[in-house]
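Residue numbers (my numbering): 4 to 481. We put the CB at the ideal spot given by N, CA and C, even for glycine.
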Amino acid sequence: MATVEQTQAPIFMIFSAVLALIFVLVKIGRSIPNRRMKLPPGTMGWPFLGETVSYLKPHLATSPGTFMEEHISRYGKVFKSHLFGHPTIVSVDPELNKFILQNEDRLFQCSYPSSIGGILGKWSMLVLVGDMHKDMRAIALNFMSNSKLKNSLLQDIETHALLTLNSWKENQAFSAQAEAKKYTFNLMAKQIMSCNPEDLETEYLMKEYFSFMKGVVSAPVNFPGTTYRKALKSRAAILQAVKNTMDERRKQPVMSWNPDLLSTVMEEGSLNTEQILDLVLNLLFAGHETSSIALALAIYFLAQSPESEKQLRWEHLDIRRTIEQRGTDSNLNWDDYKRMEFTQHVINETLRLGNVVRFVHRKALLNVQFKGYNIPAGWKVLPIFDAVHLDPDVYDNPLVFNPWRWQKIEGSTYFTPFGGGPRLCTGLELAKLEIAVFLHHLVLSYRWELAEPDLPLVFPFVEFEKGLPVRVQSIRQN
Ligand code: HEM
4 MATVEQTQAP
14 IFMIFSAVLA
24 LIFVLVKIGR
34 SIPNRRMKLP
44 PGTMGWPFLG
54 ETVSYLKPHL
64 ATSPGTFMEE
74 HISRYGKVFK
84 SHLFGHPTIV
94 SVDPELNKFI
104 LQNEDRLFQC
114 SYPSSIGGIL
124 GKWSMLVLVG
134 DMHKDMRAIA
144 LNFMSNSKLK
154 NSLLQDIETH
164 ALLTLNSWKE
174 NQAFSAQAEA
184 KKYTFNLMAK
194 QIMSCNPEDL
204 ETEYLMKEYF
214 SFMKGVVSAP
224 VNFPGTTYRK
234 ALKSRAAILQ
244 AVKNTMDERR
254 KQPVMSWNPD
264 LLSTVMEEGS
274 LNTEQILDLV
284 LNLLFAGHET
294 SSIALALAIY
304 FLAQSPESEK
314 QLRWEHLDIR
324 RTIEQRGTDS
334 NLNWDDYKRM
344 EFTQHVINET
354 LRLGNVVRFV
364 HRKALLNVQF
374 KGYNIPAGWK
384 VLPIFDAVHL
394 DPDVYDNPLV
404 FNPWRWQKIE
414 GSTYFTPFGG
424 GPRLCTGLEL
434 AKLEIAVFLH
444 HLVLSYRWEL
454 AEPDLPLVFP
464 FVEFEKGLPV
474 RVQSIRQN
């Protein structure tokens with residue numbers, strides 16, 4: 004006679020097999036597009052390479068590039084392609100972009116190429132998803148909170164802006180892009196680990212950082228002599244320098260630690276050393292590379308738009324007059340900053356036309372239907388920002404630098420220079436403050452012109468071909 008266990012064993016096995024089958028079917032179902040819905044039009048390009056090479060071809064930053072223009076005119080605003088090693092849905096549709104950004108972790112998820120993790124580290128916020136991303140994001144948000152911006156960052160930003168501007172020599176050509184990089188690097192290095200611009204250690208860090216940056220945009224080929232290999236070495240050198248600072252601090256009483264991001268995370272104790280090092284490197288990267296190029300772009304656009312420069316100078320002369328009437332000290336305060344309305348229009352217009360971050364990397368977690376098309380689970384999804392910002396259906400005369408257009412635009416959801424949804428840039432207020440304060444002192448101190456023609460190109464990061472050579476003339480009253 005069969006025991007209870009013996010009769011239940013086959014039932015249990017059948018039950019397990021059915022469960023396993025359902026699991027496999029669900030998995031397959033997720034990776035196979037819904038056959039009733041069609042894929043967007045497009046071509047997958049060359050075997051293995053897809054269309055990545057044509058997409059990444061350098062082009063003018065103030066244009067979406069030939070690849071995008073041709074694909075949009077042939078296939079429309081949503082098309083399929085093969086990019087960065089994956090079948091991809093490319094979106095230049097502002098509604099789809101918004102939908103993708105807002106459905107992070109539900110229908111879509113951040114998915115940068117694995118080489119980014121190799122160079123920025125496995126704890127990089129661009130690589131992390133889920134709870135660990137939320138924890139790191141909370142630290143980054145706290146670091147740049149509004150009260151910090153008002154109470155301490157504004158003053159530091161002004162000091163660094165003046166330090167940079169006061170070092171400029173009249174009538175001598177210099178690279179405005181290099182100056183913008185120095186300004187934002189020194190500022191971030193000060194906030195993150197109290198590095199002073201005049202210290203040799205800061206200079207060493209900056210040199211290593213610039214070599215590291217070249218690796219972020221290079222092909223991830225780790226052989227002796229390659230840019231990527233050099234960048235990995237620089238990454239190690241920067242992390243060692245940060246670790247040395249951590250070790251030194253641990254020998255001192257906590258009370259004597261400098262009040263910066265490094266001390267905050269060390270004291271708080273929720274991150275291990277490896278996580279702290281990646282966080283520091285990533286904030287240095289995210290907080291410096293983008294705002295420096297945005298500032299260089301503003302200098303470039305203003306040099307070609309005398310009317311905008313004039314209006315900007317009026318706004319800042321007016322603010323200066325108020326500061327002088329106040330008579331207490333000559334520093335900018337938060338109310339002065341809040342009066343910089345036209346300046347904010349200049350910043351928006353610079354970001355719209357210059358497109359510092361041109362797209363973000365996502366993948367579809369589930370099959371998603373949009374306007375009759377299928378976005379298959381597992382496919383890469385690229386919401387493209389630049390082509391939306393330069394789309395004549397969205398902005399009148401999109402190729403013209405016109406800060407006044409922002410007087411009429413209120414909270415445009417199609418304007419996404421800082422991304423959106425749960426991964427909206429945590430440094431957007433800091434970036435605007437850095438640029439506004441720098442422009443305040445720039446227009447009050449100098450007039451400037453390009454020392455020779457130059458253009459912002461996409462490599463895929465935006466960079467001026469010749470480093471934006473400018474010549475300045477002082478207009479400082481006494
Ligand atoms: C003009 C300057 C800037 C631009 C255009 C910019 C743009 C962006 C964009 C588009 C994203 C979203 C990436 C994605 O969704 O995959 C992002 C994320 C981020 N940005 Fe910025 N950024 C700027 C300045 C800054 C500054 C000054 C900081 C300060 C440290 C900063 C820190 C970050 C961080 C930490 C993230 C990751 C947020 C997350 O994953 O939750 N950014 N930025």
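Check whether the Cβ of residue i sits closer than 6 angstroms to any heavy atom of the ligand HEM, and report yes or no.
i	result
M343	no
M196	no
M128	yes
P44	no
R355	no
V363	yes
F421	yes
G121	no
A299	no
R109	no
For residue i, count neighbouring C-beta atoms within 10 Å of its own C-beta (all shown protein chains included) and say buried if the count is 16 or more, exposed if not.
i	result
K366	buried
G228	exposed
F362	buried
L458	exposed
P97	buried
A12	Any reading at A12 must be qualified, since the residue scores a pLDDT of 48, below 50, and its modelled position is unreliable; the value itself is stated next. Answer is exposed; the Cβ neighbour count stays below 16.
T69	exposed
V219	buried
S150	exposed
G290	buried
E270	exposed
F407	Phe is not the amino acid found at residue 407; the sequence shown has Trp there. The residue in question, W407, is exposed, as its Cβ has fewer than 16 Cβ neighbours within 10 Å.
F215	buried
D281	buried
P256	exposed
N275	exposed
A3	Limits of the chain in this structure are 4 at one end and 481 at the other, which puts residue 3 out of reach.
A141	exposed
V384	buried
For residue i, which residues of its own chain have a beta-carbon under 7 angstroms away from its beta-carbon, when the five flanking residues on both sides are left out?
i	result
F421	L427, C428, L431
L368	L110, F111, Q112, A380
L166	P200
Y115	L129, V130, H364
A164	Y186, V440, F441, H444
R323	L447
Could you pull the DSSP bridge partners for residue i from this structure?
i	result
E466	L460
G53	W49
W451	V475
E107	F111
Considering only residues of the same chain and omitting the five flanking positions on each side of residue i, which have a CB-CB separation below 8 angstroms?
i	result
E161	N334, L335, V440, H444
S34	Unreliable placement is indicated for S34, whose pLDDT of 43 sits below 50; no coordinate value is reported for it.
A244	E204, Y207, L208, E211
I387	P67, M71, V93, S94, V95, N100, R361, F362
G45	H74, Y78, F82, K83, S84, V93
E466	Q180, I296, P459, L460
Return the chain-ordered list of same chain residues with a C-beta closer than 6 angstroms to the C-beta of residue i, the five sequence neighbours on each side being excluded.
i	result
P401	L393, P395
E312	L305
Examine the Cβ distances between the region 154-164 and the region 332-341 and report whether three or more of them are shorter than 8 angstroms. yes
Measuring CB atoms only, is the region 212-227 touching the region 122-135, in the sense that at least three cross pairs come out at less than 8 angstroms? yes
For the region 46-62 against the region 339-350, are there 3 or more C-beta pairs whose distance is under 8 angstroms? no
Assess, as a yes-or-no matter, whether the region 166-177 is touched by the region 461-477 under the definition of 3 or more beta carbon pairs within less than 8 angstroms. Yes: the two stretches touch, three or more of their Cβ pairs being nearer than 8 angstroms.
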